[in-house]
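For the sequence shown, full-length UniProt numbering assigns the number 1 to the initial residue and increments by one for each residue that follows.
Structure record follows, encoded as structure tokens.
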Amino acid sequence: MADTASNVPVNTTGSTTAGSIEVGTAGAGAQLAGPGTGRATVQQPIDARVAVKPSYDVNDFPVPHGREEDWRFTPLHRLGGLHDGTAAQGERGEDKVEFTLPDGVTAETVGRDDARLGKAGKPVDRVAAQAFSAFEQALVVTVPKDAVLTEPVKIDVRAEGGVRFAHVVIDVKPFAEAVVVLNHAGTGTRAANVELLVGDGAKLTFVSVQDWDRDAVHAAQHNALVGRDASFKSVVVTFGGDVVRIHPRVNYAGPGGEAEMFGLYFADAGQHLEHRLVIDHDTPHCRSNVAYKGALQGQDAHAVWVGDALIRAAAVGTDTYELNRNLVLTDGARVDSIPNLEIETGEIVGAGHASATGRFDDEQLFYLMARGIPADEARRLVVRGFFAELLQQIGVAEVQDQLMEKIEAELEAAV
């Protein structure tokens with residue numbers, strides 16, 4: 001098992017963070033992790049964090065104060081009271097929701113007591129529990145068994161101010177194949193839980209786009225349960241908002257499951273964009289691959305990425321890898337990037353992680369400028385190329401083009 005740890009690849013381009021690896025019995029001791037600033041900090045083992053008892057009851061979670069491991073990077077004073085209960089007492093806002101549903105796909109609203117809620121996972125922090133306790137109706141979208149959709153399911157949410165709590169369930173039945181796009185826009189303060197049920201042998205690509213107005217606050221927990229021999233692809237895209245915190249989590253319901261977790265984000269001056277991933281390998285012969293990329297520009301732009309991959313003792317034959325790369329476009333921006341890997345068995349196929357943060361590649365810029373391309377256009381080309389690989393993973397040309405247009409707009413603003 002020592003060889004597995006020593007062979008974990010770390011990308012040394014730019015400023016590489018020192019993620020943490022623990023091999024052996026979970027909870028054996030504290031781990032060291034370095035955020036993007038290069039400081040070493042002491043963390044709880046992943047197993048201890050994953051072992052937090054899920055609950056729908058907000059009172060089961062203490063109010064965070066910013067010293068907790070899961071909250072130390074989040075600007076709590078800018079969360080609009082989502083963390084301490086005051087948001088739930090505020091004026092409720094309204095959402096405009098529009099659907100594009102291919103033939104055979106159903107969408108319905110249900111109450112909190114519906115048996116389909118909670119199958120993929122329950123809240124693991126106070127904000128997610130607050131969202132569950134306060135939502136009015138949950139949205140359940142079902143893709144029937146054996147259906148192979150040729151068009152994406154689209155859910156467009158536009159918030160119109162105030163405070164909103166939401167719960168969404170995407171239920172893809174066995175051997176079905178679907179792409180589901182959940183778009184967020186508008187303004188307000190929002191907390192949500194999203195459940196993603198991927199039946200045995202099914203394939204789901206889930207795209208979550210956060211394109212909020214500049215003053216919006218959004219916190220969401222995504223729980224995915226991947227069935228036997230099923231494939232799940234998550235693409236999280238975050239552009240807008242004042243504070244956005246997305247918490248994707250993956251568990252496996254049977255052997256042979258595969259999860260790919262992709263993400264891209266673009267932080268402007270003053271924005272706080274935070275993504276915290278957990279992949280809990282507790283089932284044999286499953287695979288996961290994580291790749292998140294971010295760009296930052298402007299004073300006090302702040303991106304946080306934490307990737308926790310836990311391989312439990314029973315998860316023999318696991319193959320997992322996680323990568324985070326960040327491109328800093330201007331002075332004054334900050335990145336905290338922490339990949340964590342904990343392994344409880346030596347009988348795995350492979351495991352690794354890498355994190356790199358840097359500025360423009362001078363050689364790439366020189367190559368482009370030497371061929372007559374102006375400096376600003378050369379920079380834009382480098383950023384386009386930086387994101388292009390992940391955009392291609394979506395597999396839906398219409399969505400890819402929409403997101404590339406947004407990236408172009410971000411670049412026009414400063415680069």
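Virtual Cβ for every residue (Gly too), placed ideally from N, Cα, C.
Looking only at DSSP bridge pairs, what is residue 431 linked to?
Nothing in the structure corresponds to residue 431, since the chain is present only between 1 and 415.
What is the DSSP secondary structure of THR37, reduced to helix, strand or coil?
Translated into the one-based positions of the sequence shown, residue 37 becomes position 37. Interpretation of THR37 is limited by its pLDDT of 39, a score under 50 that renders its predicted location unreliable; the figure taken from the coordinates is listed afterwards. Of the three classes helix, strand and coil, the one that applies to THR37 here is coil, per DSSP.
Fully enclosed by the segment 295–328, which beta strand (DSSP E) runs are 3 residues long or longer?
302–311, 319–328
Which residue spans inside the segment 80–124 form an unbroken beta strand (DSSP E) run of at least 3?
95–100, 106–110
Using CA coordinates, which residue listed in ALA147, ALA159, GLY188, GLY186 is at the minimum distance from PRO174?
The residue given as residue 174 occupies position 174 in the sequence shown. Nearest C-alpha to PRO174: ALA147.
Out of GLU136, THR100, ALA230, point me to the one whose CA is closest to THR283's CA.
Here residue 283 is taken as the residue at index 283 of the sequence shown, counted from 1. Checking every option, the nearest Cα to that of THR283 belongs to ALA230.
Of the choices LYS53, LEU310, LEU76, LYS293, whose alpha-carbon is the least far from that of HIS218?
Taking the sequence shown and counting its residues from 1, the one referred to as residue 218 is at position 218. HIS218 has its Cα closest to that of LEU76, out of LYS53, LEU310, LEU76, LYS293.
Is the beta carbon of VAL273 less than 7 Å from the beta carbon of THR238?
Translated into positions along the sequence shown, residue 273 becomes position 273. Translated into positions along the sequence shown, residue 238 becomes position 238. Note on identity: in this sequence residue 273 is Leu, with Val being the wrong assignment. Against a cut-off of 7 Å, the Cβ pair of THR238 and LEU273 comes out as a contact.
In three-state terms, what does DSSP make of VAL42?
Counted from its first residue, the sequence shown places residue 42 at position 42. Unreliable positioning characterises VAL42 in this predicted model, as indicated by a pLDDT of 42, which lies under 50. The coordinate reading is nonetheless provided below. Of the three classes helix, strand and coil, the one that applies to VAL42 here is strand, per DSSP.
Hey, could you find the ends of the alpha helix (DSSP H) PHE165 is sitting in?
For the purposes of this step, residue 165 is taken as the residue at position 165 of the sequence shown. Here PHE165 belongs to no alpha helix (DSSP H); instead the beta strand (DSSP E) covers 153–172.
Residues bridged to SER55 by DSSP?
In the sequence shown, the residue the question calls residue 55 occupies position 55. None; SER55 has no bridge partner.
Leaving out five residues before and five after LEU225 in sequence, what residues of the same chain have Cβ atoms less than 6 Å from its Cβ?
Looking up residue 225 in the sequence shown gives position 225. Excluding residues within five positions, the ones whose Cβ falls inside 6 Å are ALA120, LEU197, ASN251, ALA253.
So the alpha helix (DSSP H) VAL382 belongs to, where does it begin and stop?
Stepping through the sequence shown from its first residue, residue 382 is reached at position 382. Its alpha helix (DSSP H) spans residues 375–392.
State the DSSP-derived secondary structure class of GLU136, mapped to helix, strand or coil.
Numbered from 1 along the sequence shown, position 136 holds the residue referred to as residue 136. Note: GLU136 maps to coil in three-state DSSP.
Do VAL127 and HIS83 have their CB atoms nearer than 7 Å?
Position 127 of the sequence shown holds residue 127. Position 83 of the sequence shown holds residue 83. In this structure, HIS83 lies closer than 7 Å to VAL127 by Cβ.
So which of VAL306, HIS281, LEU101, GLN400 has the shortest CA-CA distance to TYR292?
Counting from one through the sequence shown, the residue named residue 292 turns up at place 292. Ranking VAL306, HIS281, LEU101, GLN400 by Cα distance to TYR292 puts VAL306 first.
Going along the chain, which unbroken runs of the beta strand (DSSP E) with 3 or more residues stay wholly within the segment 202–231?
203–210, 217–226
Does the beta-carbon of THR189 have 16 or more other beta-carbons within 10 angstroms, so that it is buried, or is it exposed?
Taking the sequence shown and counting its residues from 1, one reaches residue 189 at position 189. Counting Cβ neighbours within 10 Å, THR189 comes out buried, since at least 16 surround it.
Buried or exposed: PHE366, going by 16 or more other Cβ atoms within 10 Å of its Cβ?
Sequence index remark: in the sequence shown, residue 366 carries index 366 (1-based). Answer is exposed; the Cβ neighbour count stays below 16.
Starting from LEU197, follow the beta strand (DSSP E) in both directions and report where the run begins and ends.
Position 197 of the sequence shown holds residue 197. That run of the beta strand (DSSP E) goes 177–198.
Given a threshold of 16 other Cβ atoms within 10 Å of its Cβ, counted over all protein chains shown, does THR345 qualify as buried or as exposed?
Position 345 of the sequence shown, counting from 1, holds the residue named residue 345. Buried: at least 16 other Cβ atoms inside 10 Å.
Just reading off the beta strand (DSSP E) that GLU363 is part of, what are its end residues?
Within the sequence shown, residue 363 is the residue found at index 363, counting from 1. First-last for GLU363: 362–369, but that is the alpha helix (DSSP H), not the beta strand (DSSP E).
Would the segment 66–76 count as touching the segment 89–96 if we require 3 or more Cβ pairs under 8 Å?
no
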